[in-house]
DNA sequence: CGATGTTGAGTTACCCGTAACGTAAAGCTA
DNA sequence: TAGCTTTACGTTACGGGTAACTCAACATCG
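Protein chains in written order, with the numbering used here: chain L, 16 to 350; chain R, 16 to 350.
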């Protein structure tokens, strides 16, 4: 590895026998130079392995970096992996880069991350959820850059918002179960973060069940992460403590698949003995024999839309500040 | 949203009635100022919502940004999600940020990404695989920053390397199947990128099977992405064209689970009628009834190690350039 | 009481590109 | 051929911090 100090434009210019300005013009193909000069400059650029220092450029122009900060809670959650994919496709085609932050559901972590990222003049931010610390809110409001809050729909966002109404999606699923004749219905999910979207889903779900005369709080099991095994284990816990539960709504499909495996391993038939429903229409569903009742959400599209809003704002276009990406209940064979 | 131009240190200093330098000293807690001055400066910092411009600091110091570029092929692959998680935990605790690039297995995309990221003076890079374009290699070599190539073990890395010998892991799985008495063994995987790790696994696997007198090339099905459904569909294709196949090795566990579902949906018993093996010990396995034979790889640890190498190098510590993270064949109930 | 430190500042220069402006030489026009 | 335009550069200044230096006021000491 070469311990080369970085080659600067001045060195290239000196080597080529021209001024910095001329070299700069050649590199930006700005015109106003002769062909022979161009050749000279480019030759030395190549020979010295010069790479422009964009930090200096952006700094001089007083402009932002091409970085867009993207904060999500967790990569283990496939839904967010898909959202990121959507964001990256859009941003990448416009020369922007993602600076990824994993908040791990901790507002303090998010605040620190926001402060660090903002101090590097990002072109924009995409944040998951709407629960930020007061100091974070102040910094964000002061930043003057476009910000998109995603996932949770928010009628009064900091700036812009793309998401869905998690409460309603939970309510709809609850009513669906009630209408199908289930009364003793439960919920298996995770328990970190008080203001997150999954919590809203649970609230809506509980409300619908209450409206139907049931009570979810008797049939509740909250674990740590929303993945396969916590779904399996949570279902075991719930069935052991409340064997009369008739149907379970899971925080997401991966948990539901874990729960489904537990039920069948225990000899329970789905849906005859117990009904199961997931959320998110995650990839695993495409291969599971027993078609899971789920809530379809267009995660990739959500990411793309968020990135589009950001890009449009940067280019000065008028943008609808809030977009509802919606959801769709997909009845399966497990209810 | 305030259209505030960014507040600069000079404005804070002016408001506080001191020089820029004094304000700077207070903010960096460098000493050499009185308590009353400190109060004045901090009051105005707060009032104006001043956030230091780290780009200017780094630029002036000629130093790098705190950004570490991380390039992976794809977020849909849970193995890489885990690697990223490991990287983020280590980097985050040292104040570094990840700039994520998704190469989507296209060397040209990677080259463009590398050029952009390098022009922003990252503190280091983590790249997946060892196949970079010639121009990318030149830029990397010239950059003078620490670089870790991950995933594929590489005896002569650009700089540093953490990974495993995919060829060997494939060979070991192949020999395992042969020793268990399977002869007509197949492979279901993906087909993009000629020099990627999965390809190495297939090579090693093929070699082992050939050593055992078989021929994988007769029983091969390559799809697009290494996820559940392509595993399901690929297995269907393979079984339709070569019904006499006795065992299948999948590129990863998610594909294997898809294949397993297909087999049982067709009434095949696993392993009595057909043997199945996966790779990676991915989360889904924890809930699948039929314990899948797989290859365990410590993905999170791999990411952590890569980040550690980077951080150590940045702090001038001597670092072992190449680390083999290893793998472990976990015999299950599907072979 | 002058010499010497110490404290708490301010001043200057610099990092690396680029905007804005200046200019010499060549080309073109009337 | 004077006068104007164009071409192909060069020069200067700037941005937001900070290193390195300078400097004035006051304290301390022999």
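Every residue gets a Cβ at the ideal spot worked out from N, C-alpha and C, and that includes glycine.
As the structure is a computational prediction, the values presented were derived from the model and not from experiment.
Closest Cα partner of residue 167 of chain R within the set R:159, R:184 and R:160: R:184
Where residue 100 of chain R meets chain L, residues with beta-carbon distance less than 9 angstroms: 89, 90, 91 and 117
Buried or exposed by the 16-neighbour rule on C-beta atoms within 10 Å, applied to residue 158 of chain L: buried
Contact list for residue 113 of chain R against chain L, beta-carbon separation under 9 angstroms: 113, 114, 115, 116 and 117
Cutoff 9 angstroms: residue 304 of chain R Cβ touching any chain L Cβ: yes
Range covered by the beta strand (DSSP E) that runs through residue 202 of chain R: 200 to 205
Per-residue contacts from residue 2 of chain R into chain L (C-beta, under 8 angstroms): There is no way to answer for residue 2 of chain R, as the model of chain R reaches only from 16 to 350.
Span separating the alpha-carbon of residue 102 of chain R from that of residue 320 of chain R: 8 angstroms
Environment of residue 61 of chain L [buried if 16+ CB atoms lie within 10 Å]: exposed
Where residue 309 of chain L falls, given that 16 or more other Cβ within 10 Å makes a residue buried: buried
Three-pair Cβ contact test at 8 angstroms for the segment 106 to 121 of chain L versus the segment 149 to 158 of chain L: no
Residues within the segment 46 to 72 of chain L neighbouring chain R, beta-carbon criterion of under 8 angstroms: 64, 66, 67, 68, 69, 70 and 71
Interface residues of chain L facing residue 273 of chain R [CB-CB closer than 7 angstroms]: 302
C-beta neighbour in chain R for residue 212 of chain L, strict 9 angstroms: no
Local conformation of residue 136 of chain L per DSSP, three classes: coil
Own chain, CB closer than 8 angstroms to residue 125 of chain R, minus 5 neighbours either side, in chain order: 86, 116, 118, 142, 147, 148 and 151
Nearest-angstrom Cα separation, counted from residue 347 of chain R out to residue 303 of chain R: 11 angstroms
Nearest residue (CA-CA) to residue 307 of chain L, options L:268, L:333 and L:278: L:268
Chain-ordered chain L contacts of residue 153 of chain R [CB-CB under 9 angstroms]: 64
Near-chain R residues of the segment 216 to 244 of chain L (beta-carbon distance less than 7 angstroms), N- to C-terminal order: 242, 243 and 244
Classification of residue 77 of chain R by the beta-carbon crowding that lies within 10 angstroms, buried from 16 upward: exposed
Residue 96 of chain L: contacting residues in chain R (beta-carbon distance under 7 angstroms): 90, 91 and 96
Residue 233 of chain R in three-state terms, based on DSSP: helix
Those residues which DSSP pairs with residue 238 of chain R across a bridge: R:205
Where residue 295 of chain L meets chain R, residues with beta-carbon distance less than 9 angstroms: Result: empty, since nearest Cβ-Cβ is about 14 angstroms, beyond 9 angstroms.
Min CB distance residue 264 of chain R to chain L below 9 angstroms: no
Where residue 264 of chain L falls: helix, strand or coil (DSSP): strand
Below-9 angstroms beta-carbon distance, residue 21 of chain L vs any chain R residue: yes
is_contact[residue 143 of chain R, chain L] using C-beta, thresh 9 angstroms: no
Proximity to residue 193 of chain L [Cα-Cα], best of L:171, L:262 and L:175: L:262
Option in L:281, L:47 and L:52 with minimal Cα separation from residue 29 of chain L: L:52
From L:266, L:232 and L:162, residue whose alpha carbon lies closest to that of residue 205 of chain L: L:266
Three-state class that DSSP yields for residue 294 of chain L in the structure shown: coil
Within chain R, the residues that residue 298 of chain L reaches when beta carbons sit closer than 9 angstroms: 91, 242, 243, 244 and 269
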